[in-house]
Amino acid sequence: MSEYGRCVQQMVDHCKNIGDKELRTACAYSIIEIMASMAKAEMNNEETETKLWNHLAAISNYELDIDYPVEILPHDEASDNRQPIPYPKKNIKRRHYGSIIESFAEKLPEITDKEEQDELLELVANQMKRSLGNWNQDAMDDAKIVDDIDMYTQGKVALDLNKTHLVTDGEVLSNLVSTSLKKKKKK
């Protein structure tokens, strides 16, 4: 068990080689105290004590011949072989916008209510501008956002900069500066 380290493993190996059972048991109690201090656990808790003794038995490959003060349960190795959760793999066309903005932009042509579509278009465009500001402050260009929305919607939805209010570059930059100042104050 890697959480206890090599020294505990060496102590357990030494304990297994002690010939007298009483000395071996006393050594095991000392090892348990060390393991408890490493885990910052209190030995007066019965659950913690049982866990530590089971860990000691597992570290010794169940070869430590002592009188255990608790019931030792065999360690099930199948439970340790957990399968990793697969990470969703999405092909994001413009990583600086992220997958959520990309999904919203791709759903824009499916909205039939023109007023609702325009409202969502404005929200998506403003978030795209903020994301561009986070990624690269020099890349904040309204024409780029128009082109990217056109690309996401295959030309079905067009962003008219005369009708849509996008946040100004100054608003985005001031928000970025205030956010970074808040982070510095927390540190």
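Numbering follows our numbering, with no gaps: position 63 of the sequence shown is 1356.
Using N, Cα and C, we set each Cβ at its ideal position, and we do this for glycine too.
Treat the numbers as computed from the prediction; the structure is a model and nothing was measured.
| Asked | Found |
| --- | --- |
| C-beta atoms of I1327 and V1363 nearer than 8 Å | no |
| Where M1444 falls, given that 16 or more other Cβ within 10 Å makes a residue buried | exposed |
| Beta-carbon spacing of V1460, K1407 below 8 Å | no |
| M1304: first and last residue of the uninterrupted alpha helix (DSSP H) it sits in | 1298 to 1309 |
| Rounded C-alpha distance that separates S1323 from I1359 | 13 Å |
| Unbroken alpha helix (DSSP H) run spanning M1421, endpoints | 1407 to 1428 |
| D1416 versus A1432, D1431, I1394, residue with shortest Cα-Cα distance | In the sequence on display, residue 1416 carries Leu and not Asp. Comparing Cα-Cα distances from L1416 to each of A1432, D1431, I1394, the minimum goes to I1394. |
| Three-state secondary structure assigned by DSSP to A1332 | coil |
| Residues near A1371 by beta carbon distance below 6 Å, same chain, minus five either side | The pLDDT assigned to A1371 is 44, lower than 50, so where the model puts this residue is not dependable, and the model offers no usable value. |
| Coil, strand or helix - A1371 by DSSP | At A1371 the pLDDT is 44, less than 50, meaning the model places this residue with poor confidence; the figure from the coordinates comes in the next sentence. In the structure shown, A1371 sits in a helix (DSSP, three-state: H, G or I). |
| Proximity winner among D1434, G1391, V1450, relative to L1413 (alpha-carbon distances) | V1450 |
| R1317 - DSSP class collapsed to helix/strand/coil | helix |
| Closest Cα partner of T1457 within the set D1440, N1419, N1468 | N1419 |
| Through-space distance from D1453 to G1391, alpha-carbon basis | 23 Å |
| For H1307, the nearest candidate out of L1349, E1399, S1424, M1331 (CA to CA) | L1349 |
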